[in-house]
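Structure first, commentary second.
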Amino acid sequence: MSEQDPSKIDQLLDLLLDALNERQAARQDVPPQPVSTPLPGLAPQAEPRPEPAPPLPEPPQ
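With numbering that gives the first Met the number 0 applied, the sequence shown corresponds to residues 0 to 60, in that order.
Pasting the structure below:
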């Protein structure tokens, strides 16, 4: 792909949008499920972690 080729970029964007719309239409009647296997190249979704407990105050000397 050349450095500046807006027509190619527009084509790619259209393809991406079409794919997204198809996926959303296919998922309308399916409840969202957590992703068990992350796609390669994407960072796995971090589980929400509880806040670390605050350190205990120093005992008085």
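Just so it is clear, CB atoms sit at the ideal spot from N, CA and C, and this is done for glycine as well.
What would DSSP say about residue i, mapped onto helix, strand or coil?
{"i": "D79", "result": "Residue 79 is absent from the model: the chain starts at 0 and stops at 60."}
{"i": "Q23", "result": "helix"}
{"i": "Q10", "result": "helix"}
{"i": "A18", "result": "helix"}
To the nearest angstrom, how far is it from the Cα of residue i to the Cα of residue j?
{"i": "D13", "j": "P53", "result": "50 Å"}
{"i": "D9", "j": "L19", "result": "15 Å"}
{"i": "Q23", "j": "P56", "result": "51 Å"}
{"i": "S6", "j": "L15", "result": "14 Å"}
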